[in-house]
Amino acid sequence: MEFKIYLISALVMAAIWSLPAAAISLIYGVLRYPNFAIPEFMTLGAYLTLLLCGFSLPLWAAGLLAAVVTGLIALAVDQTAFRFVRKAGILPPVLLSLGLMLVLQNLVRFGWGNGNLQFPILPMRPFIIAGFIITPVQAAIIGLVIVILAGVFLGLRYTEFGRAVRATSTNPELAIVTGVQPERVYGAVLFAAGFLAAVGGIVLATETSLNPLLGWRVLIPLFAVAILGGLGSVVGAALAAVLVGLTSEFSLFILPSSYKTALAFLVLTLVLLVRPSGLVKSRS
Amino acid sequence: MIDYLIAILIFAGIYGFVALGLNIQWGLTGLINLGQVAFFAVGAYTFALLSKAGVPFLLAVGVATALSGVFGAAVAMFTPRLREDYLAIVTLGFSEFVRLVLLNEKWLAGGPDGVAGVPRPASFPGLGSETSFLVVTALALAFAFWFTRRIERYPIGRTLKAIREDEGVVTSVGKVALAYKTKAFLLGAALAGLGGAFFASYLSYISPDMFGPNVSIYVLAAVLIGAQGSSVATLLSTALVAALLEGTRLLKDYITFVDGVELAALRLMVLGLALIAIVMVRYRPGRA
Numbered sequence: 376m377e378f379k380i381y382l383i384s385a386l387v388m389a390a391i392w393s394l395p396a397a398a399i400s401l402i403y404g405v406l407r408y409p410n411f412a413i414p415e416f417m418t419l420g421a422y423l424t425l426l427l428c429g430f431s432l433p434l435w436a437a438g439l440l441a442a443v444v445t446g447l448i449a450l451a452v453d454q455t456a457f458r459f460v461r462k463a464g465i466l467p468p469v470l471l472s473l474g475l476m477l478v479l480q481n482l483v484r485f486g487w488g489n490g491n492l493q494f495p496i497l498p499m500r501p502f503i504i505a506g507f508i509i510t511p512v513q514a515a516i517i518g519l520v521i522v523i524l525a526g527v528f529l530g531l532r533y534t535e536f537g538r539a540v541r542a543t544s545t546n547p548e549l550a551i552v553t554g555v556q557p558e559r560v561y562g563a564v565l566f567a568a569g570f571l572a573a574v575g576g577i578v579l580a581t582e583t584s585l586n587p588l589l590g591w592r593v594l595i596p597l598f599a600v601a602i603l604g605g606l607g608s609v610v611g612a613a614l615a616a617v618l619v620g621l622t623s624e625f626s627l628f629i630l631p632s633s634y635k636t637a638l639a640f641l642v643l644t645l646v647l648l649v650r651p652s653g654l655v656k657s658r659s
Numbered sequence: 049m050i051d052y053l054i055a056i057l058i059f060a061g062i063y064g065f066v067a068l069g070l071n072i073q074w075g076l077t078g079l080i081n082l083g084q085v086a087f088f089a090v091g092a093y094t095f096a097l098l099s100k101a102g103v104p105f106l107l108a109v110g111v112a113t114a115l116s117g118v119f120g121a122a123v124a125m126f127t128p129r130l131r132e133d134y135l136a137i138v139t140l141g142f143s144e145f146v147r148l149v150l151l152n153e154k155w156l157a158g159g160p161d162g163v164a165g166v167p168r169p170a171s172f173p174g175l176g177s178e179t180s181f182l183v184v185t186a187l188a189l190a191f192a193f194w195f196t197r198r199i200e201r202y203p204i205g206r207t208l209k210a211i212r213e214d215e216g217v218v219t220s221v222g223k224v225a226l227a228y229k230t231k232a233f234l235l236g237a238a239l240a241g242l243g244g245a246f247f248a249s250y251l252s253y254i255s256p257d258m259f260g261p262n263v264s265i266y267v268l269a270a271v272l273i274g275a276q277g278s279s280v281a282t283l284l285s286t287a288l289v290a291a292l293l294e295g296t297r298l299l300k301d302y303i304t305f306v307d308g309v310e311l312a313a314l315r316l317m318v319l320g321l322a323l324i325a326i327v328m329v330r331y332r333p334g335r336a
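For the protein sequence lines, the chains are A and B, in the order given. For what it's worth, this note's numbering labels the leading residue of the first sequence as 376, then goes sequentially. For what it's worth, this note's numbering labels the leading residue of the second sequence as 49, then goes sequentially.
The structure is reproduced here in structure tokens:
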């Protein structure tokens, strides 16, 4: 019985993590820096959804709108700040993302305070399928994430623009020579990253609750997932999310729950030591 | 007012140790460390627990410094080739890991309650406790300053600078760059631990929530304002950051239209914006 509960909760966590981890992975793959503000875009997306729910929008519509707005904010910040340090190496964008992290996290704190808030959803009776207990919300999260990830994967694989993104990731100079406009690619990647992170934050908040540390608390698991997945690979991020999700849930048999994050850090360090290229070699 | 000035100076001194340490790692050697607060915390807790157990002040400070250095070397050794993007992630993750351990291990460090009643060194005769502590901090900082200046000028400092500029060249003259980088990390972490010991002693109470990532960011901002330069520049810019940080606490008495949580959030937002602005100025196109 316990085993089945942990399995479902591991899969739900994996689904939630895989979107923001894919966002980190995409930025890393194309722009080559770790963006520490991605978890804050999760928080921002969740709070914007709450704000829009206040205008009596249904949750799904509020969430969609909030995710688009978050994507636009990510794009705007990239164009007004990150854009100017593109050629200055890895450090300036990392520092900018740290500054952005502080700004976003405290913007939310300023607006809504430190307390825990909830989305206006009514508790629903869970399904029981072959002994597995899963709530409708959890089922919806897993379904939604699979659809979005498939969309991103197919988009990258089969569209002209997806090819441009992959080309820029593999060899920027060559991509430019063949007519790809890198700034467009960067802009699209940032919008997509903000959007994915926001959806991740919204689904995380529906499973737990909203508070200003919503995203920050999963920063380490997200980076563990993104690195294990081989930076730059969306499929890798999804696989790694399942693996890290299973590890951290089943660690509950031997470790207290407060150490889930610490365990993710150990996974991260171990991956860097043993296989820094990740499980799936990135497409580059 | 004079009490307030003394407090600001003491904080400036405490952050000074941490910034001097970061300047060895980042300014001198070019290693990114986004988790300097981890070593600060190790120093603070080691000092607090030892001195509460009756260990004399100097010995407790010494052990706290050394242990932080050991942690620094360990982090360096567990980061493959000390590549800068890995280092950024590992150091940030490590600092959060340390905070989680401190938060969860009640037997070790009191968990969320922290450690209270950390002693200060005996006061000098004729001086108040605050002034006396300022003098002790200043003396220790002068020593740390002298020490880092020596490092900058001695062969090890030149090697570290050479690593920052071009690692290949250093390797080609037969020096093991990785060993030097590890040493730089050890020294930088030890200095942060020294600052942590003074922090615990000054406040007499420490808890895990004092060791969040914003401390690392204060120090990063200070070293960045000092243009990752000499120890003198680093100390001056640290004093500036400390004055701004502590100075804005004064605003609490004058700004009445926002509550405590909102004011704290505003201060951190300003800090974030300041960091963004500094980076934009420092790395704008056309400048190295």
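A virtual CB, placed ideally from N, CA and C, is assigned to each residue, including glycine.
- Any Cβ of chain A closer than 9 Å to the Cβ of residue 127 of chain B would place that residue at the interface, and such an atom is present.
- Within chain A, the residues whose beta carbon sits less than 8 Å from that of residue 149 of chain B are 637, listed in sequence order.
- Assignment of beta-bridge partners to residue 164 of chain B by DSSP yields B/253.
- Counted as a single uninterrupted DSSP element, the alpha helix (DSSP H) harbouring residue 516 of chain A occupies residues 511–533.
- For the region 180–229 of chain B, the continuous alpha helix (DSSP H) assignments of 4+ residues that do not extend past its boundaries occur at 203–213 and 215–220, in sequence order.
- Membership of residue 503 of chain A in the beta strand (DSSP E) is indicated by the continuous run 502–504.
- For residue 71 of chain B, the CB contacts under 6 Å within the same chain, skipping 5 residues up- and downstream, are 271 and 282 in chain order.
- Under DSSP, residue 492 of chain A shares a beta bridge with A/585.
- CA-CA distance, residue 199 of chain B to residue 205 of chain B, rounds to 5 Å.
- Contact with chain B is found for residue 456 of chain A, since one of that chain's Cβ atoms lies less than 9 Å from the residue's Cβ.
- Annotation: the region 127–152 of chain B contains the following complete segments of the alpha helix (DSSP H) (minimum length 4 residues), in chain order: 132–152.
- In this structure, residue 267 of chain B and residue 66 of chain B form a Cβ contact; the two beta carbons are roughly 5 Å apart against a cut-off of 8 Å.
- Cβ contact annotation for residue 77 of chain B (same chain, cutoff 7 Å, sequence separation greater than five): 208, 211, 212, 229 and 232, in chain order.
- Secondary-structure assignment with DSSP links residue 507 of chain A through a beta bridge to A/504.
- Along the region 425–478 of chain A, the alpha helix (DSSP H) occurs as fully enclosed runs of 4 or more residues at 434–455, listed in sequence order.
- Counting every other CB atom within 10 Å of its CB across the protein chains shown gives residue 558 of chain A a total below 16, marking it as exposed.
- Contact of residue 80 of chain B with chain A is assigned, a C-beta pair being separated by under 9 Å.
- Burial check for residue 332 of chain B: the Cβ neighbour count within 10 Å stays below 16, so the residue is exposed.
- Residue-level contact check: residue 465 of chain A touches chain B, since one or more beta carbons of chain B fall below 9 Å from its beta carbon.
- Taking 4 residues as the shortest admissible run, the region 255–328 of chain B contains the following complete alpha helix (DSSP H) segments, listed from N- to C-terminal end: 261–273 and 279–297.
- Annotated three-state conformation of residue 556 of chain A is coil, per DSSP.
- With a threshold of 16 other beta carbon atoms within 10 Å, residue 201 of chain B falls short and is exposed.
- When B/54, B/216, B/319 and B/312 are compared, the shortest CA-CA separation from residue 176 of chain B is found for B/54.
- For residue 641 of chain A, the uninterrupted alpha helix (DSSP H) run begins and ends at 635–649, by DSSP.
- Boundaries of the alpha helix (DSSP H) harbouring residue 385 of chain A: 377–406, taken from the DSSP string.
- Looking at the backbone, the Cα of residue 622 of chain A and that of residue 600 of chain A are separated by about 11 Å.
- The Cβ atoms of residue 585 of chain A and residue 408 of chain A do not sit closer than 9 Å to each other.
- When DSSP states are grouped into helix, strand and coil, residue 623 of chain A belongs to the helix group.
- Rounded to the nearest angstrom, the gap between the Cα atoms of residue 544 of chain A and residue 538 of chain A is 10 Å.
- Interface criterion not met: the Cβ of residue 491 of chain A is under 9 Å from no Cβ in chain B.
- Interface with chain A (9 Å Cβ-Cβ cutoff): residue 49 of chain B is excluded.
- Pairing residue 450 of chain A with residue 399 of chain A, the inter-Cα distance amounts to about 14 Å.
- With the rule of 3 Cβ pairs closer than 8 Å, the region 251–264 of chain B counts as touching the region 143–162 of chain B.
- Contact annotation: residue 476 of chain A and residue 411 of chain A have beta-carbon atoms nearer than 9 Å.
- One thing to note: residue 395 of chain A has its Cβ within 9 Å of the Cβ of residue 597 of chain A.
- Straight-line spacing of the CA atoms in residue 562 of chain A and residue 100 of chain B works out to 55 Å.
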